[in-house]
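For the sequence shown, this note's numbering gives the first residue as 11, with consecutive numbering after it. Yeah, the Cβ is synthetic: ideal placement off N, Cα and C, and Gly gets one too. Only one structure is covered here, and it is reproduced in the block below.
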Amino acid sequence: MAPPASNAAIQPMWTYLSASRRPVLIKTVVKAPLEKVYDLVKNRLPEIVPYLPNVDKIEVIEKNEDGTKTHLVNKWYAKAEVPGVVKSFIKPELFCWKDVANWDDSSHSVNYSLESYLANDLFDANGKNSFIAISENETQLIVTCQVKIYPEKLPGVPKLLARKVSPAVEGLIEKLLAPNLSSLGDGLNKYLEQNS
Numbered sequence: 011m012a013p014p015a016s017n018a019a020i021q022p023m024w025t026y027l028s029a030s031r032r033p034v035l036i037k038t039v040v041k042a043p044l045e046k047v048y049d050l051v052k053n054r055l056p057e058i059v060p061y062l063p064n065v066d067k068i069e070v071i072e073k074n075e076d077g078t079k080t081h082l083v084n085k086w087y088a089k090a091e092v093p094g095v096v097k098s099f100i101k102p103e104l105f106c107w108k109d110v111a112n113w114d115d116s117s118h119s120v121n122y123s124l125e126s127y128l129a130n131d132l133f134d135a136n137g138k139n140s141f142i143a144i145s146e147n148e149t150q151l152i153v154t155c156q157v158k159i160y161p162e163k164l165p166g167v168p169k170l171l172a173r174k175v176s177p178a179v180e181g182l183i184e185k186l187l188a189p190n191l192s193s194l195g196d197g198l199n200k201y202l203e204q205n206s
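Here you go:
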């Protein structure tokens with residue numbers, strides 16, 4: 011099946027239900043050769059931060075290469091508005107997450123998990139990004155992820171208030187993660203337009 015002619019035909023979606031894990035699936039055509047796109051995301055991800063909607067910075071924490079395999083750990087720092095009902099409970103660490111990625115150059119793919127720096131059981135997020143050449147100068151980026159949020163595990167929230175603030179915490183975590191999963195392809199296109 012041929013990919014759509016433009017990104018307009020692809021509707022990015024973020025699906026999330028607190029009761030079960032639902033997959034995120036985003037397909038984007040990036041207007042650059044496969045190797046260029048793959049290298050940019052794998053080795054130069056901090057360069058595209060200005061083109062991602064709510065990311066302040068990305069730091070490379072660890073990188074280990076072994077042939078066609080690379081283990082990479084990045085720390086993401088997000089920008090977000092905190093709802094009033096949870097402001098007194100939110101620590102800056104909530105706006106950071108660890109991206110633990112295992113890259114496979116032979117398949118041009120990466121399996122990853124995202125972990126909160128505030129509480130490692132605050133959410134589960136696991137996925138795979140695949141990079142597929144669809145022409146000499148176009149790459150299809152396929153982002154998949156499953157996310158489960160546990161707002162009741164936010165440290166510092168009194169048990170009496172946990173039920174009341176849970177929806178606000180869920181919404182905040184969703185706002186931190188979702189745009190970056192769904193807009194990676196668009197961010198890559200904007201970066202490449204301005205830096206080619």
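In angstroms with no decimal places, state the Cα-to-Cα distance between residue 206 and residue 157. Along the sequence shown, one-based indexing puts residue 206 at 196. Along the sequence shown, one-based indexing puts residue 157 at 147. Each residue's Cα considered, the two are about 34 Å apart.
Under the DSSP definition of a beta bridge, which residues are partnered with residue 158? In the sequence shown, residue 158 corresponds to position 148, counting from 1. BP columns for residue 158 point to 134.
For residue 163 and residue 174, I'd like the C-alpha separation in whole angstroms. As a first step, residue 163 must be located in the sequence shown, where it is residue number 153. As a first step, residue 174 must be located in the sequence shown, where it is residue number 164. In a straight line, the C-alpha of residue 163 is about 13 Å away from that of residue 174.
According to DSSP, is residue 122 helix, strand or coil? Working through the sequence shown from its first residue, we reach residue 122 at position 112. It is a strand residue.
Who are the Cβ neighbours of residue 129 in its own chain at under 8 Å, not counting the five residues just before and after it? On the sequence shown, residue 129 is found 119 positions in, with the first residue counted as 1. Once the five neighbours on either side are set aside, the close Cβ partners of residue 129 are 163, 164, 165.
Residue 112: which of 105, 78, 106 sits nearest, CA to CA? For this step, residue 112 is matched to residue 102 along the sequence shown. Of the listed residues, the one whose Cα sits closest to residue 112 is 78.
Using DSSP bridges, identify the partner residues of residue 148. In the sequence shown, the residue the question calls residue 148 occupies position 138. In DSSP, residue 148 forms a bridge with 145.
What's the gap between the Cα of residue 137 and the Cα of residue 118? Numbered from its first residue, the sequence shown carries residue 137 at position 127. Numbered from its first residue, the sequence shown carries residue 118 at position 108. Their backbone Cα atoms lie some 14 Å apart in a straight line.
Whose C-beta lies closer than 6 Å to the C-beta of residue 201 among residues of the same chain, with five residues either side of it excluded? One-based indexing of the sequence shown puts residue 201 at position 191. 58, 61.
Can you grab the Cα-Cα spacing for the pair residue 127 / residue 69, in whole Å? Within the sequence shown, residue 127 is the residue found at index 117, counting from 1. Within the sequence shown, residue 69 is the residue found at index 59, counting from 1. Approximately 14 Å, taken between the alpha carbons.
What is the DSSP secondary structure of residue 73, reduced to helix, strand or coil? What you label residue 73 is simply residue 63 of the sequence shown in a count that begins at 1. Residue 73 falls in the strand class under three-state DSSP.
Distance between residue 167 and residue 43 (C-alpha atoms, nearest Å): Here the question's residue 43 lines up with position 33 in the sequence shown. Here the question's residue 167 lines up with position 157 in the sequence shown. Approximately 48 Å, taken between the alpha carbons.
Measure the C-alpha to C-alpha separation of residue 39 and residue 152 and round it to an integer number of angstroms. Indexing the sequence shown from 1 puts residue 39 at position 29. Indexing the sequence shown from 1 puts residue 152 at position 142. Roughly 9 Å separates the two Cα atoms.
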